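Asker: I'd like to ask you about the structure that follows.
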Amino acid sequence: MPSHLTRHVFRAIIANEPIVSRGCLRRVHTGNTRTTLNGSRHVTRVRSPLRVHGTEQRRSLFGLSLFRSKPPRDSKDVNYEPGIEKLMEYAKMERMRARLPPVEDIIQAWQQFIGVKKAKRDRVQDTQAVLLLQTLRYLRREAKSQGEVVALDKEVLLRAAKRTSLEPVAQNTVYVDLARELHECLSALPLSAEHKALSFEWYLGALCSNGQTEQAQDLLLDQGTAELRADTDVAQDGLATLGGSAMRSNTQQRLAVQWARILKGFARERNEEGLFATLDQMRDLGLDTTSNRVAQVMIRHHMLTDDVEAVKHWWSILRPHVAETSPDRVDDEDPEKVLRRLLRWCMKTDNAQFGHNVVKDVVDRHPSKYIWDSVFLWAAGTKKSVDEIGRMMDVMESVNERISNHLTGEQRYADITTINLLVEYAVSQNDPYMAERFITLGQQRSIEPNAKTFTLQMDYRLSVGDVDGALVAYQHLQSSDIQSHTGDIAAVNRLIVALCGSKRHDFDTIMNVAADLSDRSARFEPITVSTLSILHLSRDEIHDVADLLNTHAYSYSSAERTLIRENLIAFSLDLRTQTSRAWDTYTLLRSIFDEMPRSERTDLMLSFFARHRPDMAVHVFQHMRAHSREETIPNASTYISAFAGCAKLKDLESLEVVHNQLKLDYNLDVTTTMRNSLMLSYTACEMPRRALDFWDEIVASREGPSVSSVHAALRACEKSPFGDLKGRNIWARLRRNHIELSTDLWASYIAALAGNGDNELAISTLEEAIEKGELNLGSAKVWKDGGVGGPVDGGVLVLGSLYSAAPGQVKQQEIEAWAKEQHPEVWERVEEVGWEEDENGMRAVRVERGMEP
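One gets the working numbering by counting positions in the sequence shown from 1 and adding 591 to each.
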């Protein structure tokens, strides 16, 4: 027996009514629809207890949904750090001279951004420092108008000053300018003595870290030394109590740290004169020049200059500090780390005897585990075998019962840190076999590899091009505990780049490795991002590229962004890249790398001209024209390049678009060179009469015509109907003004006369010039004043231009017959040069007739 549902379905089909389920989620209303006699549709609404808004039910062809398109995919939002987007908005509004954001919004953006940097303990990138500097100056101007210092809270300013003092990836004066602005703001605020001292130290740190150590030294002499003298005067007056002595001691300690920073700055800049002068000044001020900090700076400097005697001297000063094991040490860096660097320096410079003495000095003092590891490193560097180093480890462990460190309770056993140090040395020597033997040594001593070991394996296998081996090491790394280890991130980045460069690994393998980094929220290196971007672009995965760049590109420094941008531009400029992919790459560059300079945009524009896509090239030009940055807006050279590109493709429509942009560009004055370019371009686009209008403009202008202007005008006359009349007029003007008529000018003039088919006039003018000695058809090389390329044969240039300009085969045959009869030697040289045919089948002598505007 048919069910009620079946009867309902068949009745609806017979009545030509839609089938609507009461529980359908895509139903808007139910209703009965019928068509009236006049063709209108009448709908009777029926109330339904379930009112779910949606779309009306539709049927598909055989239920296959053949015509249903997938919804377009949206790219991820840009991964801006909190607050930075508002700072970028301010910078753009300032460039456009538009209404600036409210001060309250900028203050909030500052607080958010500096708060995030403090929480991450991250340094400020130079691109971010530029935005901070612009907005801070804006806030200071607004506050000054109201009689205040700055509207920002002092805690925010202090945090920003500390972030600015961190050593940047690359030196940049913007950090110095930002640190100065922050220091001026903090100096004008009522701060505690401790905060004032910190502000001053952070300002010094920013100066020293960015190549301004001399300025930092002057500042320290003015402010820091005055503070020390004030404390000294108090003591000399007999007013120094126990608290006063403590104050002076704290002041001296703080000054010692600051002067050590000055030393480090001069050492970083390789400024020996400033370095030694600073040491003398410290002695004059009564500061200790044999401290751990000073000795570390000096010994590092002398290692860089390979001054062996000075290294020995400063090692004798540093040696007692290496023996110290006090946990109360407050130095910036453990001197034992300098010991390891010193031993490596001895290996590099073949100072074996000095290295042996250093090892003897530290071993005689009951060395710590760290020093023992350094000794093993020295043994590896002096060509001790792996077995010998293993026996040395036995010796170290055998003394544990007789020697104990009462301060730390440290026991000296070889561990994975020891093995990794030796493997790292083997990697630095490009010796994978030695590295594997050290790993085997550890396993023989029941020391299992950890995440760093597998990371080192990846490094040395990648260094020898063993991508498969590096991938195996990466798989072992995945199975180890990497949650607390971040040292593998750089190696995994290199692995991704190597996998992309290898043609033997599939896309899924690469993406699995990249997904690991992404899941860990690890840093993607710029080269990794650019390589993955090109990989996605080669697969037409434009949205994946946009997601990748939006996630990472805005957290990089300007140098890192430049690396990514240049790689993407190189991919787009490569003519082997499909035009559609090149255009997709450009659209990404335009949206994400707004700082892309004019020169790179011009190269992209010219590449699209080279691809015979003037429409795309003109779009690139228009995007430059609409930009808000002055250094991106097209200049005269950009216009000339665009005109030349349109002329080469003979695209009149594109030429008129660019020309109209020039008419509306109030930032440029049209020069003779630009008008020359317009003449050549309109001539190439078969509008020679329009081209000659620019000659009239040049003649009437204050700048006047150049030699290139004459060549361009004569070329327009060659292509223009009745152009010979204009050409003779121009030639007469040249004679009246006593202009020197060079061979290449004669070639252009003769071609202009022949271009209108008047062979008799052209030949007679040429013969008359030869008779009067004004023109010589000899084989001497001549330079073309208005042309391109090197020197050419003068006779070949004249006759070749005459022949090539003649319209039609009949006219060319007449000139050929005359030349063979009157100038057979010159015509033989023409024939040696050869011929070429244009798209219309017309022959032309293969002589360079191109012109520069």
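All residues carry an ideal CB built from backbone N, CA and C; glycine is no exception.
Predicted, not measured: the structure shown is a model, and the values here were computed from it.
#1: Are the Cβ atoms of Y1230 and L1195 separated by less than 7 Å?
#2: Three-state secondary structure (DSSP) at R1036?
#3: Does the separation of the CB atoms of A720 and L730 fall below 7 Å?
#4: To which residues of the same chain is V1018 closer than 8 Å at the C-beta, ignoring the five residues directly before and after it?
#5: Could you work out which residue in D744, M983, D964 and V767 is closest to W701 when comparing CA atoms only?
#6: By the three-class DSSP mapping on this structure, what secondary structure does R1434 have?
#7: How long is the line joining the alpha carbons of R728 and V694, rounded to whole angstroms?
#8: Once the 5 residues before and after E1191 are set aside, which same chain residues still bring their CB inside 6 Å of it?
#9: Between the alpha carbons of V1424 and R1204, how many angstroms are there, rounded?
#10: In the DSSP assignment, find the unbroken alpha helix (DSSP H) run with E695 in it and report its ends.
#11: Look at the alpha carbon of R1324 and the alpha carbon of E1288, and state the distance between them as a whole number of angstroms.
#12: Sort out for me which residues DSSP pairs W1426 with in a bridge.
#13: Alpha carbon to alpha carbon, what distance is there between R714 and S756?
#14: Sorted by chain position, which residues of the same chain lie with C-beta nearer than 7 Å to S1071's C-beta, five sequence neighbours on each side aside?
#15: Going by C-alpha to C-alpha distance, which of N1021, A1005 and W936 sits closest to L1032?
#16: Which residues bound the alpha helix (DSSP H) around M684?
#17: Taking the alpha-carbon of V767 as reference, which of W793, E1365 and A788 has the nearest alpha-carbon?
#18: Less than 8 Å between the CB atoms is what I'm expecting for M1270 and A1291, so what's the real figure, rounded?
#19: Mind the definition here: the segment 1101-1120 touches the segment 1133-1146 only if three or more C-beta pairs lie below 8 Å; say whether that holds.
#20: How long is the line joining the alpha carbons of H1096 and Y1177, rounded to whole angstroms?
#21: Assuming contact is defined by CB atoms lying nearer than 7 Å, are L1435 and S1395 in contact in what I supplied?
#22: Buried or exposed: where does F1285 fall if 16 or more other Cβ atoms within 10 Å of its Cβ makes it buried?
#23: Ends of the alpha helix (DSSP H) at K960?
#24: Starting from the Cα of R754, find the closest Cα among A734, A784, K711 and P781 and give me that residue.
#25: Can you give me the C-alpha to C-alpha distance between A1106 and K1239, rounded to a whole angstrom?
#26: Cα-Cα, which of K677, R845 and M1102 is closest to I697?
#27: State buried or exposed for A1390, treating a residue as buried only when at least 16 other CB atoms are found within 10 Å of its CB.
#28: Report the residue from L1197, A868 and V1249 whose alpha carbon sits nearest the alpha carbon of A1217.
#29: Cutting at 7 Å between CB atoms, please list the residues of its own chain near F857, excluding the five before and the five after it.
#30: Less than 8 Å between C-beta atoms, sequence neighbours within five positions excluded: which residues of the same chain meet that for R891?
#31: List the whole-angstrom C-beta distance separating T1119 from I1087, where the pair is believed to meet the contact cut-off of C-beta under 8 Å.
#32: Quick check: V747 and A779, are their CB atoms within less than 7 Å of each other?
#33: Compare the Cα-Cα distances from H912 to each of D1429, A770 and T881 and report the closest residue.
#34: What distance in whole Å lies between the Cβ atoms of A971 and L1013, which are believed to be in contact at a cut-off of 8 Å?
#35: Identify, in the order they occur along the chain, each residue of the same chain with its Cβ nearer than 7 Å to the Cβ of D1175, setting aside the five sequence neighbours on each side.
#36: Would you mind working out which of E1277, R1293 and Y1340 sits nearest V1301, comparing C-alpha positions?
Answerer: Walking through what the data contain:
#1: Stepping through the sequence shown from its first residue, residue 1230 is reached at position 639. Stepping through the sequence shown from its first residue, residue 1195 is reached at position 604. In this structure, L1195 does not lie closer than 7 Å to Y1230 by Cβ.
#2: Residue 1036 sits at position 445 when you count from the first residue of the sequence shown. Looking at R1036 - three-state DSSP - the assignment turns out to be coil, as it is neither helix nor strand.
#3: By 1-based counting over the sequence shown, the position of residue 720 is 129. By 1-based counting over the sequence shown, the position of residue 730 is 139. Contact flag unset, no.
#4: Here residue 1018 is taken as the residue at index 427 of the sequence shown, counted from 1. Taking V1018 as the centre and dropping the five residues before and after it, the same chain places the C-beta of A1026, L1047, D1050, Y1051 and S1054 closer than 8 Å to its C-beta, in chain order.
#5: Taking the sequence shown and counting its residues from 1, the one referred to as residue 701 is at position 110. Relative to the Cα of W701, the nearest Cα in the group D744, M983, D964 and V767 belongs to D744.
#6: As a position in the sequence shown, residue 1434 is number 843, starting the count at 1. The three-state reading of DSSP puts R1434 in strand, counting E and B together.
#7: One-based indexing of the sequence shown puts residue 728 at position 137. One-based indexing of the sequence shown puts residue 694 at position 103. Put simply, the backbone Cα of R728 is about 12 Å away from that of V694.
#8: Within the sequence shown, the letter at position 600 stands for residue 1191. Cβ neighbours of E1191 beyond the five flanking positions: I1160.
#9: By one-based count along the sequence shown, residue 1424 stands at place 833. By one-based count along the sequence shown, residue 1204 stands at place 613. Each residue's Cα considered, the two are about 32 Å apart.
#10: Here residue 695 refers to the residue found at position 104 when the sequence shown is read from its first residue. Under the DSSP assignment, E695 falls in the alpha helix (DSSP H) whose first and last residues are V694 to K711.
#11: Position 733 of the sequence shown, counted from the first residue, corresponds to residue 1324. Position 697 of the sequence shown, counted from the first residue, corresponds to residue 1288. Going from the Cα of R1324 to the Cα of E1288 covers about 15 Å.
#12: Counting from 1 along the sequence shown, the entry for residue 1426 is found at position 835. DSSP lists V1436 as partners of W1426.
#13: To locate residue 756, count along the sequence shown from 1; it is residue 165. To locate residue 714, count along the sequence shown from 1; it is residue 123. A direct Cα-to-Cα measurement between S756 and R714 gives close to 9 Å.
#14: Looking up residue 1071 in the sequence shown gives position 480. Take S1071, set aside five residues on each side of it, and the residues of its chain with a beta-carbon closer than 7 Å to its own are N1041, A1042 and F1045, in chain order.
#15: The sequence position of residue 1032 within the sequence shown is 441, counting from 1. Checking every option, the nearest Cα to that of L1032 belongs to A1005.
#16: The count along the sequence shown starts at 1 and reaches residue 684 at position 93. Taken as a continuous stretch (DSSP letters only), the alpha helix (DSSP H) holding M684 covers I675 to R686.
#17: For the purposes of this step, residue 767 is identified with residue 176 of the sequence shown, where counting begins at 1. Between V767 and the set W793, E1365 and A788, the nearest pair of CA atoms involves W793.
#18: Position 679 of the sequence shown, counting from 1, holds the residue named residue 1270. Position 700 of the sequence shown, counting from 1, holds the residue named residue 1291. At roughly 14 Å, the Cβ-Cβ gap does not stay under 8 Å, so M1270 and A1291 are not in contact.
#19: Yes, the segment 1101-1120 touches the segment 1133-1146.
#20: The residue given as residue 1096 occupies position 505 in the sequence shown. The residue given as residue 1177 occupies position 586 in the sequence shown. Straight-line spacing of the CA atoms in H1096 and Y1177 works out to 28 Å.
#21: For the purposes of this step, residue 1435 is identified with residue 844 of the sequence shown, where counting begins at 1. For the purposes of this step, residue 1395 is identified with residue 804 of the sequence shown, where counting begins at 1. With the sequence shown as reference, residue 1435 is identified as Ala, and Leu is not the correct amino acid for it. Their beta carbons are under 7 Å apart, which means A1435 touches S1395 by this criterion.
#22: Against the sequence shown, residue 1285 aligns to sequence position 694. Here F1285 is buried: its Cβ has 16 or more other Cβ atoms, across all protein chains shown, within 10 Å.
#23: Residue 960 sits at position 369 when you count from the first residue of the sequence shown. Boundaries of the alpha helix (DSSP H) harbouring K960: K960 to G972, taken from the DSSP string.
#24: Position 163 of the sequence shown holds residue 754. When only C-alpha atoms are compared, the closest one is K711.
#25: Position 515 of the sequence shown, counted from the start, is the residue given in the question as residue 1106. Position 648 of the sequence shown, counted from the start, is the residue given in the question as residue 1239. When the Cα atoms are used, A1106 and K1239 turn out to be separated by approximately 47 Å.
#26: Locating residue 697 in the sequence shown gives position 106, counting from the first residue. Here the closest residue by C-alpha is K677.
#27: Within the sequence shown, the letter at position 799 stands for residue 1390. Going by the sequence as given, residue 1390 is Leu instead of Ala. Using a 10 angstroms sphere on the CB of L1390, the tally of other CB atoms reaches 16 or more, which defines it as buried.
#28: Translated into positions along the sequence shown, residue 1217 becomes position 626. The shortest Cα separation from A1217 among L1197, A868 and V1249 belongs to V1249.
#29: As a position in the sequence shown, residue 857 is number 266, starting the count at 1. In the same chain as F857, and ignoring 5 residues on each side of it, the C-beta atoms closer than 7 Å to its own belong to T804, G865, L866 and T869, in chain order.
#30: One-based indexing of the sequence shown puts residue 891 at position 300. Around R891: A858, V929 and R932.
#31: Reading the sequence shown from its first residue, position 528 is the one you call residue 1119. Reading the sequence shown from its first residue, position 496 is the one you call residue 1087. Confirmed, Cβ separation roughly 5 Å.
#32: Mapped onto the sequence shown, residue 747 falls at position 156. Mapped onto the sequence shown, residue 779 falls at position 188. Taking 7 Å as the Cβ cut-off, V747 and A779 do not qualify as a contacting pair.
#33: The residue labelled residue 912 in the question sits at position 321 within the sequence shown. If we check each option's Cα against that of H912, T881 comes out closest.
#34: Reading the sequence shown from its first residue, position 422 is the one you call residue 1013. Reading the sequence shown from its first residue, position 380 is the one you call residue 971. Contact between L1013 and A971 holds, with the beta-carbon distance rounding to 6 Å and staying under 8 Å.
#35: Numbered from its first residue, the sequence shown carries residue 1175 at position 584. Hits under 7 Å: L1128 and I1133.
#36: Position 710 of the sequence shown holds residue 1301. The alpha carbon of V1301 has as its nearest neighbour, out of E1277, R1293 and Y1340, the alpha carbon of Y1340.
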